[in-house]
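Engineer:
There are 2 protein chains.
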Amino acid sequence: MKLSTKGRYGLRAVLDMALNKNEGPITLNSIAERQGISEGYLEQLMVPLKRAGLVKSVRGAQGGYILAKEPKNITVGEVIRALEGPIAPVACVSEDYPEECERAEGCVTRMVWAKVRDSIAEVLDSFTLEDLVQESRKHTSQNSYMYYI
Amino acid sequence: MKLSTKGRYGLRAVLDMALNKNEGPITLNSIAERQGISEGYLEQLMVPLKRAGLVKSVRGAQGGYILAKEPKNITVGEVIRALEGPIAPVACVSEDYPEECERAEGCVTRMVWAKVRDSIAEVLDSFTLEDLVQESRKHTSQNSYMYYI
DNA sequence: TCTTATTCCTATTAAATTAATAGGATTTAA
DNA sequence: TTAAATCCTATTAATTTAATAGGAATAAGA
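Protein chains in written order, with the working numbering: chain A, 1 to 149; chain B, 150 to 298.
#1: Assign B:Met295 to buried or exposed, taking buried as 16 or more other Cβ atoms, counted over all protein chains shown, within 10 Å of its Cβ.
#2: Is it true that the stretch 224–240 of chain B meets the stretch 170–183 of chain B, where meeting means three or more beta-carbon pairs spaced less than 8 Å apart?
#3: Could you tell me which residues DSSP pairs with A:Ile26 in its beta bridges?
#4: Rounded to whole angstroms, what is the Cα-Cα separation between B:Tyr158 and B:Lys199?
#5: According to DSSP, what are the bridge partners of B:Ser206?
#6: Compute the distance between the beta-carbons of A:Glu84 and A:Lys6, then report whether it is under 8 Å.
#7: Could you run through the stretch 150–162 of chain B and flag, in chain order, every residue whose CB is less than 7 Å away from some CB of chain A?
#8: Residues of chain B with CB under 9 Å from A:Gly111, in chain order?
#9: Taking the straight line between their C-alpha atoms, what separation do you get for B:Lys221 and B:Phe276?
#10: Along the chain, where does the alpha helix (DSSP H) containing B:Glu279 start, and where does it finish?
#11: Is there a Cβ from chain A that is less than 8 Å from the Cβ of B:Leu98?
#12: When Cβ atoms are compared, which residues of the stretch 226–237 of chain B fall closer than 9 Å to chain A?
#13: What distance in whole Å lies between the Cβ atoms of A:Pro89 and A:Val116, which are believed to be in contact at a cut-off of 8 Å?
#14: Compare the beta carbon distance of B:Leu216 and B:Ala162 with 8 Å and say whether it is the shorter of the two.
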């Protein structure tokens, strides 16, 4: 019942980008340094984030990554789904294509998993990056290099 | 963000026991057959369930397993915690010993994970085995060998 | 007492997933 | 032209999951 580092690191990365969104394209190198995450691994996380339309890349020197939308229009749920796939405590209640098992009809435990799925989704969809930025500003000055995320 | 088969199979196993609780000790062999789960694997699941005080074993011929408490006094949350460990979408908000990371103080994303944890726990703790038995009875006659779990 | 059915216990293993690492190709600002 | 960056593909190490195997201990019943 754990989130993998894809979701955890990826959320920290986009939050880092939200906090630095006035600096132009952010290099993975700088995110990696601030967040203590391997740059190569971050690179892999950017692929699904781009595909989901959450970040955009700028190639070449002085390039990097920027958010494709305003932080207030990106929810934590979108980020997590882009990186971890549809929310699904078990495959048979996946948000997109539930894998019906032969016991599905009248399945009792499935009802529990569906409620778990909905409660997770509700929490994740209730936070935007902007909410997290606001929260972050409470704890650290805007120019601090420490962001506590 | 997936439950492993430990939790899924384990819950089905104890629900099977709740549905058959008037039959005396239930053998793993019979659960394995009804549920389509490897008997050897079920055996491993019984160890933490016993340790958590949810099931009791009866050794020897005619032995098997029985629930250690009434179905109405066993929640899905207890079963899942026994098998999967404390609820914790990420380690730093684990229900028992959260692993503080050096960024914990003022950490913003951690707040999100804590809410996810609480919402999962709330759902799991809101169902008892008795609730699931009741639900199951709606779908199948008491004597049917098919339980749809 | 013997047989059989069962849990108990330990070790091993196959498969899948996670979390990187490596090396070079491509692009673009300066 | 150079340097800084993303892009792309492949490989790998570590961990976890999901079993499988083989036998020891226990107890009911013939």
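Note that CB positions come from ideal geometry on N, CA and C, so glycine has one too. Computed from a predicted model, the values in this text were never measured in an experiment.
Structural biologist: Taking the geometry as given:
#1: Bear in mind that a pLDDT of 41 at B:Met295, under 50, signals an unreliable position, so the number given afterwards is only what the model happens to contain. Exposed, because fewer than 16 other Cβ atoms sit within 10 Å of the Cβ of B:Met295.
#2: By the C-beta criterion, the stretch 224–240 of chain B is judged not to be in contact with the stretch 170–183 of chain B, since fewer than 3 inter-stretch pairs fall below 8 Å.
#3: Paired residues: A:Tyr65.
#4: B:Tyr158 and B:Lys199: Cα-Cα distance of roughly 15 Å.
#5: Bridge partners of B:Ser206: B:Tyr214.
#6: yes
#7: Met150, Lys151, Leu152, Arg157, Leu160, Arg161
#8: The identity of residue 111 of chain A in the sequence shown is Met, whereas the question assumes Gly. Within 9 Å of the CB of A:Met111, the CB atoms of chain B belong to Phe276, Leu281, Glu284, in sequence order along the chain.
#9: 9 Å
#10: Note, B:Glu279: alpha helix (DSSP H), 278–288.
#11: Since the first and last residues shown for chain B are 150 and 298, residue 98 of chain B lies out of range.
#12: Ile229, Glu233, Gly234, Ile236, Ala237
#13: 5 Å
#14: no
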